[in-house]
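Read the structure below first, then the notes.
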Amino acid sequence: MSTVGAYTYENLVSTANAAPVGTPAFNSSLVPLLKNWRAPLSEFNAEILGNALSMVDLEKTGVAYVQITVDALNLALTAEQMDTAFVAVLRISREAELGQLEAYPDGMWRLAQALESVGRTALGHVRVCEALVELVGRMNLQMIATRDHTKPRGKQTVRPDQLAANASRGVRLTHLHIECLKQCLLAQRRDLYVRVMQNVIQVRLDAFGHLLVQPRARAFMEYHLYAGMVCVGLDELEWAS
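Under the numbering used here, read the sequence shown as residues 510 to 750, first letter to last.
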């Protein structure tokens with residue numbers, strides 16, 4: 510495969526396979542590689558990107574899959590290339606495990622940025638929003654299902670650090686949530702407004718602000734700003750119909 514410097518998709522995938530999420534090797538080997546990642550391609554190549562994606566087990570090394578997908582989205586220029594890259598986005602929406610996405614939050618930020626750019630192309634805000642609302646909705650269900658398993662029971666004293674870690678059952682805000690709201694506003698479709706209300710806005714956020722975004726205060730403000738605009742937009746569409 511084509512390379513730039515030491516960065517290759519073979520190396521990314523092999524490192525991800527050797528450094529699963531939750532192991533010391535993940536933080537010592539895979540995270541540094543991802544932080545300094547440069548796409549090995551200077552232009553879109555469907556064969557190389559397709560082969561790279563096919564090497565990845567999405568359930569076990571989804572972090573690598575997300576980065577290759579981001580590369581594909583950023584390199585795509587034509588409508589055909591966009592469609593090819595978007596197949597990978599849809600697979601993330603339907604199959605990605607929460608633990609893989611949360612293990613490297615910068616991957617979600619990169620994916621949100623790439624999708625923001627794609628929304629301005631011929632692919633359009635509608636298709637991007639549809640994919641995001643499916644992805645975010647699935648993430649929310651997984652977040653709620655995996656909370657509170659270690660919450661202390663009974664009347665025993667609970668330290669503040671235990672409380673902050675275990676007491677909330679809410680959804681942890683990500684850049685993908687915020688981008689979903691933005692794409693919904695840009696899509697201007699009533700059915701998407703309704704889906705976003707159900708899957709993104711009408712959910713309980715983590716009470717302790719465990720936001721997987723930086724800076725947290727700005728992200729929280731943006732979320733509520735865009736959520737309010739979606740609510741107003743849906744009301745306007747209801748009145749107009």
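Just so you know, even glycine gets a beta-carbon here, dropped at the ideal spot from N, CA and C.
Requested in this report: Could you work out which residue in R725, V530, Y516 and L743 is closest to M607 when comparing CA atoms only?
Outcome: Taking the sequence shown and counting its residues from 1, one reaches residue 607 at position 98. According to the sequence as given, residue 607 is Leu; it is not Met. Comparing C-alpha distances from L607 to each of R725, V530, Y516 and L743 shows the shortest one belongs to V530.
Query raised in the report: Within this structure, are the beta carbons of V705 and V642 separated by less than 8 Å?
Result: Within the sequence shown, residue 705 is the residue found at index 196, counting from 1. Within the sequence shown, residue 642 is the residue found at index 133, counting from 1. In this structure, V642 lies closer than 8 Å to V705 by Cβ.
Report task. From the DSSP output, in three-state form, read off Y516 for me. Result -> The sequence position of residue 516 within the sequence shown is 7, counting from 1. It is a strand residue.
Query raised in the report: With a Cβ-Cβ cutoff of 8 Å, do V522 and A573 count as a contact?
Result: Position 13 of the sequence shown, counting from 1, holds the residue named residue 522. Position 64 of the sequence shown, counting from 1, holds the residue named residue 573. The answer is yes: Cβ separation under 8 Å.
Query raised in the report: So, helix, strand or coil for V680, using DSSP?
Result: Residue mapping note: residue 680 aligns to position 171 of the sequence shown, counting from 1. Here V680 sits in strand by DSSP.
Query raised in the report: Measuring CA to CA, which of K691, L543 and A528 is closest to C781?
Result: With the chain running from 510 to 750 in the structure shown, residue 781 is simply not present.
Query raised in the report: With distances taken from CA atoms, which of S602, R647 and C693 is nearest G742?
Result: In the sequence shown, the residue the question calls residue 742 occupies position 233. Here the closest residue by C-alpha is C693.
Query - N-terminal and C-terminal residue of the alpha helix (DSSP H) that C648 is part of - result: What you label residue 648 is simply residue 139 of the sequence shown in a count that begins at 1. Here the sequence assigns Met to residue 648, which means Cys is not the residue at that position. Per DSSP, M648 belongs to the alpha helix (DSSP H) from G633 to A654.
Report task. Hey, could you find the ends of the alpha helix (DSSP H) K544 is sitting in? Result -> If you number the sequence shown from 1, residue 544 lands on position 35. Start and end: V540 to K544.
Query raised in the report: What residue does the alpha helix (DSSP H) around Q707 start on, and which one ends it?
Result: To locate residue 707, count along the sequence shown from 1; it is residue 198. Q707 -> no alpha helix (DSSP H), and no H or E assigned at all.
Query raised in the report: Leaving out five residues before and five after C740 in sequence, what residues of the same chain have Cβ atoms less than 8 Å from its Cβ?
Result: On the sequence shown, position 231 is the one that residue 740 refers to. These residues qualify, in order along the chain: M706 and I710.
Report task. Output yes or no for whether 8 Å exceeds the beta carbon distance between A585 and A597. Result -> Here residue 585 is taken as the residue at index 76 of the sequence shown, counted from 1. Here residue 597 is taken as the residue at index 88 of the sequence shown, counted from 1. No.
**Report entry** Under the three-state DSSP convention, the category L746 falls into
**Finding:** For the purposes of this step, residue 746 is identified with residue 237 of the sequence shown, where counting begins at 1. L746 falls in the helix class under three-state DSSP.
Query raised in the report: What did DSSP end up calling L714 once you bin it into helix, strand or coil?
Result: For the purposes of this step, residue 714 is taken as residue 205 along the sequence shown, with counting starting at 1. In this structure, L714 counts as strand in the three-state DSSP scheme.
Query raised in the report: Quick one: is W618 buried, meaning 16 or more other Cβ sit within 10 Å of its Cβ, or exposed?
Result: Along the sequence shown, one-based indexing puts residue 618 at 109. Buried, by the Cβ-count rule.
Report task. Within its chain, find whatever has a CB closer than 8 Å to the CB of I577; leave out the 5 residues flanking it on each side and keep chain order. Result -> Position 68 of the sequence shown, counted from the start, is the residue given in the question as residue 577. Closer than 8 Å at the Cβ level, and outside the excluded window around I577, lie Y518, L521, L558, A561, L562, V565 and A597.
Query raised in the report: Sorted by chain position, which residues of the same chain lie with C-beta nearer than 6 Å to E568's C-beta, five sequence neighbours on each side aside?
Result: Looking up residue 568 in the sequence shown gives position 59. Result list for E568: E606, in chain order.
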